[in-house]
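Report on the structure given below.
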Amino acid sequence: MNPVLDTIHQRTSLRVYKDEPIRPEHLQAVLDAVLRAPTAGNMMLYSVLVVTDQETKNVLSKTCDNQPFIARAPLVLIFLADYQRWFDYFELSQVPTFCASTERTWQGPDVGDLFLALDDALIAAQTAVLAAESLGIGSCYIGDIMENYETHRELLALPDYVFPAAMLCLGYYPEGYQPKFRSRFDQEFIVHSEKYRRLGEAELQSMFAELEAEFAPTNRFGAENMGQFVYARKTGSDFAREMSRSVRAALQIWQGSKP
Ligand SMILES: Cc1cc2nc3c(=O)[nH]c(=O)nc-3n(C[C@H](O)[C@H](O)[C@H](O)COP(=O)(O)O)c2cc1C
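First residue of the sequence shown? That's 0 in numbering that gives the first Met the number 0, and the numbers climb one at a time after it.
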């Protein structure tokens with residue numbers, strides 16, 4: 000392979016970290032890589048929050064579905080979908096007056112803008128993951144940063160048109176760490192040629208066979224098969240419900256056409 004592919008293939012999510020701060024030159028190298036990530040219209044519709052304050056990490060470890068390792072990560076990066084900067088600039092540029100005089104509608108960012116900014120933020124985040132990995136810094140995404148919108152807004156001082164898309168915990172690999180490579184579904188179920196192909200029953204059974212082999216009939220959810228187990232643990236869980244509530248609260252603002 001080559002060094003880029005090696006880095007991609009050697010990465011796994013890291014949830015235990017060497018008790019050592021990230022060196023400033025390494026953080027800078029990660030941020031330099033992030034800033035070179037592709038971005039829609041070269042508008043950089045994202046911001047990166049660098050969090051090292053222990054108190055903030057302690058709070059995040061609770062508000063992000065009670066995951067204690069967050070507090071132990073030497074570095075936390077939060078990737079924000081950010082249209083605030085551009086709308087502040089539009090105001091500064093008297094865009095509302097321009098709209099009124101040219102029969103354009105002046106409106107705040109809408110859900111399409113949010114989704115585009117989410118694309119930008121996630122591309123920036125994954126660029127940070129690979130840059131960090133290449134420097135011997137492991138990482139783990141935390142999707143739960145999308146929960147508790149109101150609390151995170153206050154904690155991180157987020158204005159209306161800034162939404163936390165993803166969070167990364169980062170730290171150096173501990174001595175002797177043995178990565179666990181989690182298997183993936185086969186390419187035939189994930190990659191489609193030219194048009195989407197919805198999987199039939201036989202293909203679904205084939206796709207999930209390996210996962211089903213791991214099913215434990217005695218489990219905390221009373222699930223009788225792997226589908227029931229994963230639904231109870233993930234998609235139908237309390238944290239998933241909270242995430243949807245939280246995102247809906249943010250969407251209300253993004254759909255509010257505020258200006
Ligand atoms: C969007 C997203 C959210 C995630 N959220 C969490 C999380 O909250 N806690 C956690 O321990 N891992 C989280 N992960 C890591 C996944 O569990 C991990 O990527 C997956 O199990 C595959 O394992 P691997 O990354 O080691 O290959 C998240 C990953 C992604 C991409």
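Just so it is clear, CB atoms sit at the ideal spot from N, CA and C, and this is done for glycine as well.
6 Å CB neighbourhood of residue i in its chain, flanking five on each side removed
| i | result |
| --- | --- |
| Thr150 | Thr62 |
| Ala39 | Leu115 and Asp119 |
| Phe68 | Arg14 |
| Pro95 | Trp105 |
| Ala130 | Val29 and Ala32 |
| Val128 | Ser138 |
| Glu132 | Thr6 and Arg10 |
Residue range of the alpha helix (DSSP H) that includes residue i
| i | result |
| --- | --- |
| Phe89 | Gln83 to Leu91 |
| Gly199 | That residue, Gly199, is in no alpha helix (DSSP H); it is neither H nor E in DSSP. |
| Cys98 | Val94 to Ser100 |
| Gly111 | Val110 to Ser133 |
| Ser60 | Gln53 to Thr62 |
| Val281 | Shown here, the chain extends from 0 to 258; a query on residue 281 therefore has no answer. |
| Ser243 | Asp237 to Trp253 |
| Gly226 | Met225 to Val229 |
| Ile7 | Pro2 to Gln9 |
| Ile21 | Neither: Ile21 is in no alpha helix (DSSP H) and is coded neither H nor E. |
| Ile189 | Gln186 to Ile189 |
| Tyr148 | Tyr148 to Leu155 |
| Ile69 | Phe68 to Arg71 |
Proximity of residue i and residue j at Cβ, strictly below 9 Å
| i | j | result |
| --- | --- | --- |
| Arg84 | Ser60 | no |
| Asp159 | Gly107 | yes |
| Gly170 | Glu24 | no |
| Cys168 | Leu30 | no |
| Leu113 | Ala248 | no |
| Leu44 | Tyr82 | yes |
| Pro73 | Thr101 | no |
Close-in-space but distant-in-sequence residues of the same chain around residue i (CB under 7 Å, 5 per side omitted)
| i | result |
| --- | --- |
| Ala36 | Ile122, Ala123 and Thr126 |
| Ile144 | Cys63, Ile77, His151, Pro163, Ala165 and Met166 |
| Phe184 | Met206 |
| Phe279 | What is shown of the chain runs 0 to 258, which leaves residue 279 out entirely. |
| Met42 | Trp85 |
| Ala231 | Phe220 and Ala222 |
Nearest-angstrom beta carbon gap, residue j and residue i [assumed within contact, 8 Å]
| i | j | result |
| --- | --- | --- |
| Ala32 | Leu79 | Their Cβ separation, rounded to whole angstroms, is 18 Å, which puts Ala32 and Leu79 out of contact at 8 Å. |
| Leu210 | Met225 | 6 Å |
| Met166 | Val75 | 6 Å |
| Arg71 | Tyr16 | 6 Å |
| Pro178 | Thr6 | Not confirmed; about 13 Å, so no contact. |
| Glu146 | Ser236 | Rounded, the Cβ-Cβ distance is 11 Å, inconsistent with contact. |
| Ile21 | Ile189 | Actually they are not in contact, since the Cβ atoms of Ile21 and Ile189 sit about 33 Å apart, beyond 8 Å. |
| Gln66 | Ile141 | 7 Å |
Host beta strand (DSSP E) of residue i (start-end)
| i | result |
| --- | --- |
| Phe162 | Val161 to Tyr171 |
| Ser138 | Ile136 to Ile141 |
Beta-carbon proximity list for residue i, same chain, < 8 Å, skipping 5 on both sides
| i | result |
| --- | --- |
| Leu154 | Thr55, Val58, Leu59 and Thr62 |
| Leu134 | His25, Ala28 and Val29 |
| His8 | Met0 |
| Lys233 | Ala239 |
| Phe86 | Gly107, Pro108, Tyr160 and Pro258 |
| Met242 | Gly142, Asp143, Met145 and Glu146 |
| Lys194 | none |
Residue i beta carbon near ligand 2 (any heavy atom closer than 8 Å)
| i | result |
| --- | --- |
| Gln66 | The model on display carries ligand 1 but not ligand 2. |
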